[in-house]
Amino acid sequence: MDASTTRTADVNAAMFCDFADAGFLAAALVPYVHGQGPALVSDDAKLLPAIPGDRRLPIDDLFLDRVPTDPEDVLAALRLWLAAIKGLSAVVVDMSWGLSTVHGASSYELWGSVADRLAAEIGVPVLSFYNTDQMIEDQLQAAFRAHRQFLAPSGLYENPFWIPAELRQDTALDRQLAFMLGRVVPDYAGGQLYKDVERQAARGASPDWLAQPRGATPPGGNAARWHIHCLGRLRVYTGGPKPVDWRVAGGAPNKTRALFAYLLQAGAKGAHVDQLGELLWPEGGSEKTKRTRLHHTVTMLRKVLGGVETVGREGDYYRLHVPVGSWLDITSFEQLCRRAISLARHGEAVAALPVYFAAERLYGGDLFEDLAVEYAQPEHDDWCMPRRIWLREMAIRVQYDMSKLLRKEGRTNEALERVQRALALDPANEDAVAEAMRVFHAQGRIDAINRQYKQYRTAAATIGETRSSAELDELYTELCRSLKSLPGDQRETKVITLG
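This note's numbering applies: residue 15 is where the sequence shown begins, and numbers increase by one.
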């Protein structure tokens with residue numbers, strides 16, 4: 015849909031592009047370069063360099079990296095900055111800040127609401143530029159919902175996927191669908207899909223109903239989205255700036271935390287009371303006693319999370335009811351890893367590194383690191399360890415992949431730091447060991463190569479691997495031979511050509 019007649023005060027547009035394509039960016043901005051021109055929020059000096067320094071604002075000054083982000087703080091900072099700028103034709107915002115926060119839908123959807131209000135207040139377009147090379151799927155989907163229009167060199171287009179903030183928080187899905195249909199087909203504008211509807215009826219209309227099994231009672235439509243950190247210490251934010259406190263009077267914090275973790279990974283299928291009883295009280299006791307204790311622990315968990323509706327029960331199954339749009343660090347971590355690996359595989363090292371850095375920041379440690387061993391590794395239910403091991407292996411790969419890219423750019427000290435982090439997680443990981451030896455080779459450090467190889471053999475023997483990899487042995491021999499053939503004064507400046 016063409017948006018050429020849209021009032022400037024109603025322009026909250028998104029543009030998806032490759033920031034390296036300066037011509038594309040400039041062409042899209044042509045209609046908005048008048049008066050003294052646009053203002054830019056960005057930390058990237060290379061982005062739209064024609065915009066002078068007195069019309070640029072660092073991203074940090076907007077407090078967008080806070081969790082949760084306070085829209086009033088962001089708006090106040092924007093108002094203060096823009097009040098001093100004359101002849102403003104547009105506000106351009108570099109959305110790369112989302113890669114640093116990586117809080118999925120909530121960050122970008124919140125920004126969309128701020129951009130709507132800002133455009134209405136100042137009467138000029140607010141244009142949000144997304145560098146698609148450095149976005150993950152959750153963020154892209156959220157951006158589609160957050161902006162009224164799409165911007166491109168060919169013009170401004172109405173976004174059929176946009177939903178106003180007040181409707182995103184509505185419990186009735188039919189209202190959202192009716193609004194979207196009305197934006198595409200004018201005949202339906204302002205109408206509704208269902209007539210004579212009882213708004214309080216439980217008819218599967220809540221946005222988060224789709225994520226719940228039939229019969230479940232999801233939290234109300236105004237429930238704050240949760241931010242759940244499972245990598246490292248288990249931290250859950252249910253709407254405030256501080257994580258929930260597992261220490262509730264009358265409760266057992268370790269059991270409450272373990273119950274949350276188990277229900278979280280169980281998803282919509284939930285967990286049977288007997289499974290939960292065996293997990294939390296493996297030492298024995300009658301089924302009746304375990305069920306009584308479980309009922310009490312569920313009550314404590316509901317108190318921790320802020321409401322009885324947060325944990326539902328149907329028959330002999332308990333389920334966790336997480337508000338729609340909530341953020342889980344594992345999802346973003348996996349998406350970042352996939353995106354970074356894809357970019358690196360296609361030779362896009364410059365684009366891949368920031369995505370790897372974001373994945374690195376997100377990995378806070380082993381999955382559910384602070385769960386007691388008896389809950390994370392129960393005798394009869396391997397619910398945690400396979401996932402924990404897989405995520406740790408991904409974190410190791412992130413580190414040695416980053417090392418490869420940094421090494422090939424000549425940044426060997428940074429490369430060494432990354433690969434050593436990988437080895438700290440698994441000293442016997444052959445890919446990480448190989449990369450460490452390549453970094454030492456690039457630095458001309460034959461003694462370090464020898465030391466690393468010996469450390470690997472020791473670590474491998476510790477886990478029962480008495481024979482080393484033939485490929486690793488061959489690489490070790492080749493790297494040492496390469497350095498020994500150089501005069502000593504050349505080894506210090508040796509740049510690797512292998513791998």
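Positions of the beta carbon are idealized from the N, C-alpha and C atoms, including for glycine. Since we're looking at a predicted model, the values are computed, not measured.
Nearest to Trp404 by alpha-carbon distance, out of Tyr46, Asn427, Asp440, is Asp440. Boundaries of the beta strand (DSSP E) harbouring Phe164: 163-166, taken from the DSSP string. With contacts defined as CB atoms closer than 8 Å, Leu71 and Val88 fail to qualify as a contacting pair. Under the 8 Å Cβ criterion, the stretch 263-279 does not count as touching the stretch 346-360, having fewer than three qualifying pairs. Residue pairing for Cys31: DSSP places it in a beta bridge opposite Asn145. At the C-beta level, Val106 and Leu141 come within 8 Å of one another. In the structure shown, Gly51 adopts extended strand secondary structure according to DSSP, grouped into three states.
Its chain contains Phe175 as the residues whose beta carbon lies nearer than 6 Å to that of Phe158, once the 5 sequence neighbours on both sides are disregarded; these appear in chain order. Around the CB of Asp380, 16 or more other CB atoms lie within 10 Å, so the residue is classed as buried.
Boundaries for Tyr251: no alpha helix (DSSP H) harbours it, while the beta strand (DSSP E) harbouring it runs 249-251, taken from the DSSP string. In the three-state reduction of the DSSP assignment, Gly169 falls in the strand class. For the options Asp74, Leu43, Ala97, Asp84, the alpha carbon positioned closest to that of Ile65 is the one of Leu43. Contact between the stretch 119-135 and the stretch 324-333 is absent: fewer than 3 CB-CB pairs across the two stretches fall below 8 Å. Within the stretch 58-129, the runs of alpha helix (DSSP H) at least 4 residues long that lie entirely inside it are, in chain order, 85-96, 111-115. The three-state secondary structure of Glu328, taken from DSSP, is strand.
Under a 10 Å Cβ-count criterion, Asp288 is classified as exposed, with fewer than 16 other Cβ atoms of the shown protein chains found around its own Cβ. In this structure, the CA atom of His241 is about 26 Å from the CA atom of Phe30. Looking from the CA of Val258, the closest CA among Glu485, Gly246, Val318 belongs to Val318. Residue state for Val198 is assigned as helix, using DSSP reduced to three classes. The C-beta distance from Gly378 to His243 rounds to 7 Å, short enough to fall under 8 Å. Residue environment for Thr252: buried (at least 16 other C-beta atoms within 10 angstroms of its C-beta). For Leu273, same chain residues with a beta-carbon under 6 Å away, outside a window of 5 residues either side, are Thr311, Leu315 in chain order.
Residue burial annotation: His309 is exposed, with fewer than 16 other C-beta atoms found within 10 angstroms of its C-beta. When the Cα atoms are used, Ala462 and Leu385 turn out to be separated by approximately 37 Å. By the neighbour-count criterion, in which a residue is buried when 16 or more other Cβ atoms sit within 10 angstroms of its Cβ, Asn173 is buried. Residue state for Asn443 is assigned as coil, using DSSP reduced to three classes. In this structure the stretch 406-419 touches the stretch 346-354; the number of beta carbon pairs closer than 8 Å is three or more.
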